[in-house]
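A.B. asks: Quick note on numbering that gives the first Met the number 0: the sequence shown kicks off at 0 and runs consecutively.
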Amino acid sequence: MISQEQIDYFAENGYLRYGRVLDMAEVEEMRSALDKVIAIESAGGDDSEVEFKFGHRRGAAMEDVSEEQSKRVITQYVNMFKREPLYERLLHHPVISGVACALLNTPRVRLWHDQIISKPPGDNGHFRFHQDFYLWPLREPRIVTCWLALDDATPDNGCMHVVPGSHKDPRFGLESYAAELAARAAAEAEGREIEESERQKMAYEPAEIGKPVELKAGECMFHHCLNFHATPANVTSRQRRAHVMIFMAEGVRVKLDQSPGHPLIPNFTVGDGEELMGEGFPLSAPESNRWESRN
Ligand SMILES: O=C(O)CCC(=O)C(=O)O
């Protein structure tokens, strides 16, 4: 499933181009399940979970959208696993959860959240360079993302671009981030301007300074939560859909002040400083037979 060489590569570079985990029949099933969700959101949407409304237009907001575009209007949909059983099952894929456990050196992983991220043709959003960790209300950076391509992903339709080694670059680490926040707070208190940090300046860099990670539909890559990554605009007429699963090592705790407005905080049943667990954050262990149970 994963070699020591691959684990070492991830530790050194902060990402791993893993390869195939789903065959094309399975990819088609995932795409069809996504189409069902698109139909629900186009018809007005479902608010049974607080996070379902984020990242895309729905219902009346889509009146100016052509029928062709409406099939692709979901650019982000958080927690597909709560909506579609196939996506829930995928969390227990032995390779996906097994590799996540191996990379984080933990016996079991817990889902932080999953999401569809889609870059339809004609809707050329550009994810600028960022580090996921600082966007989340979580304390320990022992978190890894599995980015699974649902379409072939290439530089011209917006594949992942990573900055190898950036996850352990001290300019972008937790101490530098704390210093950046302290400097910002002091400058605000004194009413003076502050120069942007090296970390903040990364957001202006074009995706091309990163290393493109091309994938075929059904293949995946993993990235560390402190690794800088970006995806450029889709300038093709092809779709670029991806399913993103973010796994925490056991023991990762809540840190509310890191991202106090995060949309998933209303789902927390534990308090600040406690280990994040609960119904919305399922465990996944490589030895569980939840994946095989369908066949
Ligand atoms: O899929 C994309 O375009 C961006 C995804 C991303 O930034 C992530 O998975 O952390």
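C-beta atoms are modelled at their ideal positions from N, C-alpha and C, and glycine is treated no differently.
Here the structure is a predicted model, which is why all the values come from computation and not from measurement.
Counting only the same chain and skipping the five closest in sequence on each side, list residues whose C-beta sits under 7 Å from that of Val94.
C.D. replies: In the sequence shown, the residue the question calls residue 94 occupies position 95. Within the same chain, Val94 has close Cβ partners Met0, Val20.
A.B. asks: Quick one, which of Tyr14, Gly54, Asp7, Asp151 has its alpha-carbon nearest Glu27's?
C.D. replies: One-based indexing of the sequence shown puts residue 27 at position 28. It is Asp151.
A.B. asks: Report back the beta-carbon spacing between Phe227 and Gln130 to the nearest angstrom; my notes put them in contact at under 8 Å.
C.D. replies: Within the sequence shown, the letter at position 228 stands for residue 227. Within the sequence shown, the letter at position 131 stands for residue 130. Yes, they are in contact, since the Cβ atoms of Phe227 and Gln130 sit about 6 Å apart, within 8 Å.
A.B. asks: Under a three-way DSSP split, which group does Lys210 fall into?
C.D. replies: Taking the sequence shown and counting its residues from 1, one reaches residue 210 at position 211. Lys210 falls in the strand class under three-state DSSP.
A.B. asks: Quick check on the DSSP output: the alpha helix (DSSP H) that includes Gly18 runs from which residue to which?
C.D. replies: For the purposes of this step, residue 18 is taken as residue 19 along the sequence shown, with counting starting at 1. First-last for Gly18: 14-19, but that is the beta strand (DSSP E), not the alpha helix (DSSP H).
A.B. asks: Assuming Leu147 is part of the beta strand (DSSP E), what are its boundary residues?
C.D. replies: In the sequence shown, counting from the first residue as 1, residue 147 sits at position 148. From DSSP, the beta strand (DSSP E) with Leu147 extends over 142-148.
A.B. asks: Would you check if the distance between the CB atom of Gly300 and the CB atom of Tyr76 is smaller than 8 Å?
C.D. replies: Missing from the structure shown is residue 300; the chain here goes from 0 to 294 and no further.
A.B. asks: Pairs of beta-carbons, one from the stretch 116-127 and one from the stretch 237-246, closer than 8 Å: are there three or more?
C.D. replies: At 8 Å Cβ cutoff, the stretches touch.
A.B. asks: Can you give me the start and stop residues for the alpha helix (DSSP H) that Leu102 sits inside?
C.D. replies: The sequence position of residue 102 within the sequence shown is 103, counting from 1. 93-103 is the extent of the alpha helix (DSSP H) around Leu102.
A.B. asks: What residue does the beta strand (DSSP E) around Glu218 start on, and which one ends it?
C.D. replies: On the sequence shown, residue 218 is found 219 positions in, with the first residue counted as 1. Element bounds for Glu218: 218-223.
A.B. asks: Using a threshold of 7 Å, is the CB atom of Gly157 nearer than that to any non-hydrogen atom of ligand 1?
C.D. replies: In the sequence shown, the residue the question calls residue 157 occupies position 158. Checking every heavy atom of ligand 1 against the Cβ of Gly157, one is found closer than 7 Å.
A.B. asks: Is the stretch 146-162 touching the stretch 254-272 in the sense that three or more CB pairs, one from each, lie closer than 8 Å?
C.D. replies: No contact exists between the stretch 254-272 and the stretch 146-162.
A.B. asks: How many angstroms separate the CA atom of Val143 from the CA atom of Ser31?
C.D. replies: For the purposes of this step, residue 143 is taken as the residue at position 144 of the sequence shown. For the purposes of this step, residue 31 is taken as the residue at position 32 of the sequence shown. Cα to Cα, the separation comes out at about 26 Å.
A.B. asks: For Gly44 and Phe51, what's the separation of their Cα atoms in angstroms?
C.D. replies: Here the question's residue 44 lines up with position 45 in the sequence shown. Here the question's residue 51 lines up with position 52 in the sequence shown. Those two C-alpha atoms are separated by around 8 Å.
A.B. asks: Please indicate yes or no: does the CB of Ile116 lie closer than 7 Å to some heavy atom of ligand 1?
C.D. replies: The sequence position of residue 116 within the sequence shown is 117, counting from 1. Flag set: Cβ of Ile116 near ligand 1.
A.B. asks: Roughly how many angstroms separate the alpha carbons of Asn294 and Lys215, rounded to a whole number?
C.D. replies: Taking the first residue of the sequence shown as position 1, residue 294 is located at position 295. Taking the first residue of the sequence shown as position 1, residue 215 is located at position 216. Confidence is the limiting factor: at Asn294 the pLDDT is only 49, short of 50, which leaves the residue's position unreliable, though a coordinate-based value still follows. Those two C-alpha atoms are separated by around 25 Å.
A.B. asks: DSSP state of Ser47, grouped into three classes?
C.D. replies: Within the sequence shown, numbered from 1, the residue matching residue 47 stands at position 48. Three-state DSSP puts Ser47 in coil, outside helix and strand.
A.B. asks: Is Phe53 near ligand 1, with its Cβ less than 7 Å from a heavy atom?
C.D. replies: Within the sequence shown, numbered from 1, the residue matching residue 53 stands at position 54. Checking every heavy atom of ligand 1 against the Cβ of Phe53, none is found closer than 7 Å.
A.B. asks: Is Arg107 near Glu218, with beta carbons less than 8 Å apart?
C.D. replies: Within the sequence shown, the letter at position 108 stands for residue 107. Within the sequence shown, the letter at position 219 stands for residue 218. Not in contact: Arg107 and Glu218 (Cβ atoms no closer than 8 Å).
A.B. asks: Verify whether the separation of the beta carbon atoms of Trp290 and Arg88 is less than 8 Å.
C.D. replies: As a first step, residue 290 must be located in the sequence shown, where it is residue number 291. As a first step, residue 88 must be located in the sequence shown, where it is residue number 89. Yes; because the gap between Cβ atoms is below 8 Å, this pair is in contact.
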